[in-house]
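With our numbering, letter number 267 in the sequence shown gets 267, and the count goes up by one each step, no holes.
Backbone N, C-alpha and C define an ideal beta-carbon position, used for all residues, glycine too.
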Amino acid sequence: MAAFLPLFLLVFANGGRAQTASGEVNGTVTDKSGGFVAGAAVRLSNLATKIDDRAATNSDGYFVFINVKPGTYILGVEAKGFKTTQVWTFEVGVNQTVTQAVRLEVGAVNERVVVNAEAAMLEASTSELGTVIPNRAVNDLPLNGRNFTQLLTLTPGVTPVSTAQNKSIGCCEGNVGIPGSGFSDASVHGQQNRSKFYFFDGIINTNVRGPTYIVIPNIDLIQEFKVVGHDAKAEFGGATGGVVDMVSASGSGSFHGSAFEYVRNDAFDARNSVTDFDPVRRTPKIFPFRQNQFGATFSGPIIKNKTFFSGGYDGWRYSKPSLDRSYVPTLAELGGDFTAQPYSTTPHQIYNPYSGSGSARVPFRCDASGDPLPLLPGTNLQDQTLGAPCNKLPQALISAEMQQFFLKYSTLSNYSVATDLGHNFIQTRPTPNTSNSFQVRIDHRLSQKDNLFFRYTEQRVSVVNPIGEVGFTEGGSTGRNYGGSWVHTFRPSLVLDLRAGYAGRPAVDAGQQNQNPLGLDPLNQLGFKDIDKFSGILFRLNTNEWIAGGSNDFGIRGAAPRENPNWSITPNIVWLKGRHNLKTGAWFIDSKRIQMNTFQRYSFGDGQTGLGTSTTGLSLASALLGLPSNVGGELPVSGSGPVKYKYAAWAGYLEDEWNVRARLTLNFGLRYDYLTQPQTLDGRLWNALDLFRQRWIIGATAMPPLCSVAQEAPCIPDGAPLYTPTTTSTCNNTSIPCDFTKDAHFNNVIVAGQAFFSPPPVKDNWGPRIGAALQLTQKTVIRGGYGLYWDTLAGRGQAAQNVLEKAVWPAALALNGDFNGNNLSPTQLKTIDQIQGTFANSLPAATPWTSGSFFVAPTYKDPYSQQWNVEIQREFTPNMMFSAAYVGSKNGRLDF
């Protein structure tokens, strides 16, 4: 794919320090005739902290400052026989290279010439495509919800896509925004929006499974940030889409503070004739809406010109009803009367499952007064010679425990509109969520050669989603991003920058946390089993017919903790040698995925009371008869329930920024990325279907025992008494023997010879980079570059989990099974009372061969992207530049 991007840019200058959260200042010093001035003393002064750095020009008059903290600076130049020249003032941004050309005037050193710095519009020393979003834009532009991602689209080539997928504040995976606020899960230069990294002060701030960020920083505590893509510098990598690098604001030599309060509510909002309406009473109504965001910041010196601090708090309160509509069971339906059930335009006819199988079933029948016919003595059948077909269940067939469950844990209808018969409930309860975040940063100049900083950011979020009239899901997360750096100057031309930190957000998934004030006692009293073991029970109907008024599930479930913790460390060394700015370094990111569930769910379908066609049967009728179609459940201690694994990315690089001459800079680099093989943390089998060799691989060093011996998974099914051709087993036909050791393809099952078998490690991700920037005239620059990028870490987490959860055999979930198929005879039907409690020890399916599964190619390689760009920049005025760029890429191996 390729794109042609003509655009106007304001004072956003770009450069490249992709993961160090610092900038660079370089330039040349000449005399009035244009000759280079060697040995000139150059001083770079931070206007806020009053801290100076010094350098000297080489024989070509060239100087460079590396690891420059973003901020406002003054450049001073002194040389014997020339007046002292000061360049006032200019900004250095995150990952930005600022080039200043200084011309000295003949005179005494004690004479001073002050030159106003021109805005660094042209990018004369780099070929990357990127834009610094400056502090002024961060603080001054209106942002609904103060989410920084809304500013990403100020960067040319960045487009918002798929924002609806992650726009919630409560869930661990998608905790990326605030309901009703602006959020942009952006794509950079046409690449997949999941293939990008977020860094905060050069420390990873990425939920790599999303991937989105871990914490949302307080906008007032962001110095600035930059979006980088198509970077010819080899220090950048690991993703095809680019890097969003934020820099937190540090303290200065004086005290500063701020406070804010942003309010939106129904009293301030303009009236909306469409939404400000009560659909139940059909009259105008303003529903309560509260949105408050507030906080404060404070910064300043601790030790003058040596130690500085900054910190602040950001709070959020939100409450507004969703007004979502749904269809909940009515009292008549819970009594077995489905005459008025409005599914589609024609109510489905329900059939007696005890009257036969498949199309041989007969409908339930009612007498002339509309009451269901009684059952024939000693049977579950009605007299088919009497009455007429109807959609009412005989009371004798209705499960009392199932009926009482729905009467207690469902909700009453509160909505009735003649033109909207498909809905009978509207959610008018508020959906509240809160967020509290704080941040503190300390900067310390240990000596002239050593600088330290440490930052801690935490964001605590909670959310409640109402279900029906009293139920709810409740969850939350505590996101943390912290770390620091040590910058050591061995000598002015040799600098070490070491950064390390943590990013994680342990959470409880609010979308899977069904609760009810009634608690678990009524469930135990009704006779349902394993309630305490599974922390509740869930029933799910056909969601096209009935839901619980805010959730697809009726009932209560246990916790669903999630976490994706990451540790990162990035050492970098810069060596200035003549006109060469050499840089080498490495990065290591250690990632984990932790997911646990505690629940048991019984699903009910139309088929148990239908003829096997899509227009017959009703799931609630099947539930009242107590005939589930599927059972599933997980426990955090089950061998195949929890998802706990780790994987890591290593990388090393070497690059050279060669200032060939004053107007020409070349960039060369080579990067190597190594992605480790994921490994489980709890000993769970990691299996795989190898289609290329027609093998099922068990992630173990030895074949698991026979089920007759182990009595529970993981084990190899070997027939009776645990496996017999019954209605509930998967070995009920001749193609699947109950004794899998007699299967014709048993020899196609092998062991991996190691404790795991998952996406294999990738060892050949070499990424060459080359770029050039040529300043044709004082106001015109042409630049371009090429690089090969590998999609390593971002896609690995989800792909690994897909394989781990799908290729379960010979392990098993705590509960798993299909029941009461449409083709079963009445004697083969099993009610929920007969099914519950039969899963004391989970067993694997009789065979690993299923109709569909994820599998891993033994020759798996990471997706890649070849990217190139050519750009012309022309400065028209000190505040306006025109840029036209051609951006191209060619991607391959796009598995995900």
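Cβ neighbours of residue i in the same chain (closer than 6 Å, five flanking residues each side left out)
{"i": "Thr616", "result": "His348, Gln349, Gly610"}
{"i": "Asn436", "result": "Gly315, Arg460"}
{"i": "Ala164", "result": "Model confidence at Ala164 stands at a pLDDT of 49, short of 50, so the residue's coordinates are unreliable; what they give is reported in the following sentence. No residues qualify anywhere along the chain."}
{"i": "Met703", "result": "Val751"}
{"i": "Val749", "result": "Trp696"}
{"i": "Cys171", "result": "Below a pLDDT of 50, predicted positions are generally treated as unreliable, and Cys171, at 48, falls in that range; the measurement from the model is reported next regardless. So the qualifying residues of the chain are Asp509, Ala510, Gly511."}
Buried versus exposed, by CB contacts within 10 Å (16 or more), residue i
{"i": "Gly39", "result": "exposed"}
{"i": "Ser614", "result": "exposed"}
{"i": "Trp766", "result": "exposed"}
{"i": "Leu104", "result": "buried"}
{"i": "Asn166", "result": "Residue placement at Asn166 cannot be trusted, given a pLDDT of 49 that sits under 50; the coordinates are not used to answer."}
{"i": "Gly61", "result": "buried"}
{"i": "Asp140", "result": "exposed"}
{"i": "Leu793", "result": "buried"}
{"i": "Asn95", "result": "buried"}
{"i": "His230", "result": "buried"}
{"i": "Ile303", "result": "exposed"}
{"i": "Thr428", "result": "buried"}
{"i": "Ala812", "result": "buried"}
{"i": "Val114", "result": "exposed"}
Straight-line Cα distance separating residue j from residue i
{"i": "Trp650", "j": "Trp567", "result": "12 Å"}
{"i": "Gln400", "j": "Gln513", "result": "Checking the sequence shown, residue 400 turns out to be Ala, not Gln. Near 26 Å, if we compare the C-alpha coordinates of Gln513 and Ala400."}
{"i": "Arg264", "j": "Leu624", "result": "46 Å"}
{"i": "Gln828", "j": "Ser629", "result": "13 Å"}
{"i": "Lys533", "j": "Ala559", "result": "12 Å"}
{"i": "Gln867", "j": "Lys32", "result": "42 Å"}
{"i": "Thr57", "j": "Thr859", "result": "52 Å"}
{"i": "Glu661", "j": "His580", "result": "The displayed chain sequence assigns Arg, not Glu, to residue 661. If you take the alpha carbons of Arg661 and His580, they lie about 11 Å apart."}
{"i": "Gly797", "j": "Arg209", "result": "5 Å"}
{"i": "Asn433", "j": "Ile216", "result": "15 Å"}
{"i": "Gly242", "j": "Gly190", "result": "11 Å"}
{"i": "Asn516", "j": "Gly471", "result": "4 Å"}
{"i": "Phe260", "j": "Met246", "result": "22 Å"}
{"i": "Gly605", "j": "Phe539", "result": "11 Å"}
{"i": "Val37", "j": "Val68", "result": "23 Å"}
{"i": "Leu523", "j": "Gln836", "result": "13 Å"}
{"i": "Leu221", "j": "Asp201", "result": "12 Å"}
Assigned secondary structure, residue i (DSSP; H/G/I helix, E/B strand, else coil)
{"i": "Ser889", "result": "strand"}
{"i": "Asp826", "result": "The sequence given here places Pro at residue 826; Asp does not occur at that position. Helix."}
{"i": "Tyr786", "result": "strand"}
{"i": "Asp818", "result": "strand"}
{"i": "Arg317", "result": "strand"}
{"i": "Lys80", "result": "coil"}
{"i": "Ala368", "result": "coil"}
{"i": "Lys529", "result": "coil"}
{"i": "Val161", "result": "coil"}
{"i": "Asn116", "result": "strand"}
{"i": "Asn564", "result": "coil"}
{"i": "Thr339", "result": "coil"}
First and last residue of the uninterrupted beta strand (DSSP E) at residue i
{"i": "Tyr409", "result": "Per DSSP, Tyr409 belongs to no beta strand (DSSP E); it is in the alpha helix (DSSP H), 400-409."}
{"i": "Asn46", "result": "41-46"}
{"i": "Ala898", "result": "In this structure the chain extends from 1 to 896, so residue 898 is not present and cannot be described."}
{"i": "Ile222", "result": "222-229"}
{"i": "Asp590", "result": "580-595"}
{"i": "Asp764", "result": "762-777"}
{"i": "Gln867", "result": "864-877"}
{"i": "Ala503", "result": "494-504"}
{"i": "Ser603", "result": "599-603"}
Residue i: first and last residue of the uninterrupted alpha helix (DSSP H) it sits in
{"i": "Leu334", "result": "331-334"}
{"i": "Pro522", "result": "521-525"}
{"i": "Asn135", "result": "135-140"}
{"i": "Val709", "result": "707-710"}
{"i": "Ile832", "result": "832-835"}
Beta-carbon contacts of residue i that lie in its chain and below 7 Å, excluding the five residues immediately before and after
{"i": "Gly626", "result": "Ser399, Met402, Thr831, Ile832, Asp833"}
{"i": "Pro329", "result": "Phe406, Ser410, Trp546, Leu620"}
{"i": "Ser127", "result": "Ala232, Asn667, Gly771, Ala772, Ala773, Arg783, Gly784, Gly785"}
Cβ-based neighbour list, residue i, same chain, cut-off 8 Å, excluding 5 preceding and 5 following
{"i": "Arg893", "result": "Lys861, Asp862, Pro863, Tyr864"}
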